[in-house]
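S.K.:
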Amino acid sequence: MARIPKFVYVMILFVSLFLIVVDVCGKCNSDAECRERWIMCPLETVVKCVEDECICVH
């Protein structure tokens, strides 16, 4: 019976940490800064600095 609330608490913590990490956004001056920050992009995309923000582009 105690497993369900424990599972729910763990899932809430995991999801909230994921959202905090994903939401981190800083200003960039070059593509190299974005690569140094370990910005993860899906396959076949590259991280670029566009308008002072790191984004994934094809």
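Just so we're aligned, residue 1 is where the sequence shown starts under the UniProt record's numbering, counting upward by one.
Every residue gets a Cβ at the ideal spot worked out from N, C-alpha and C, and that includes glycine.
#1: From what residue to what residue does the beta strand (DSSP E) around E53 run?
#2: Mind checking whether N29 and C54 have CB atoms under 8 Å apart?
#3: Which residue comes first and which comes last in the beta strand (DSSP E) that contains C34?
#4: Tell me where the beta strand (DSSP E) around K27 begins and ends.
M.R.: Taking the geometry as given:
#1: Counted from its first residue, the sequence shown places residue 53 at position 53. Looking at the DSSP string, the run of the beta strand (DSSP E) that includes E53 is 53-57.
#2: The residue you call residue 29 lines up with position 29 of the sequence shown. The residue you call residue 54 lines up with position 54 of the sequence shown. No, these two residues do not count as a Cβ contact at 8 Å.
#3: Here residue 34 refers to the residue found at position 34 of the sequence shown. Careful: C34 lies outside any beta strand (DSSP E), inside the alpha helix (DSSP H) at 31-36.
#4: Taking the first residue of the sequence shown as position 1, residue 27 is located at position 27. From DSSP, K27 is part of no beta strand (DSSP E); its letter is neither H nor E.
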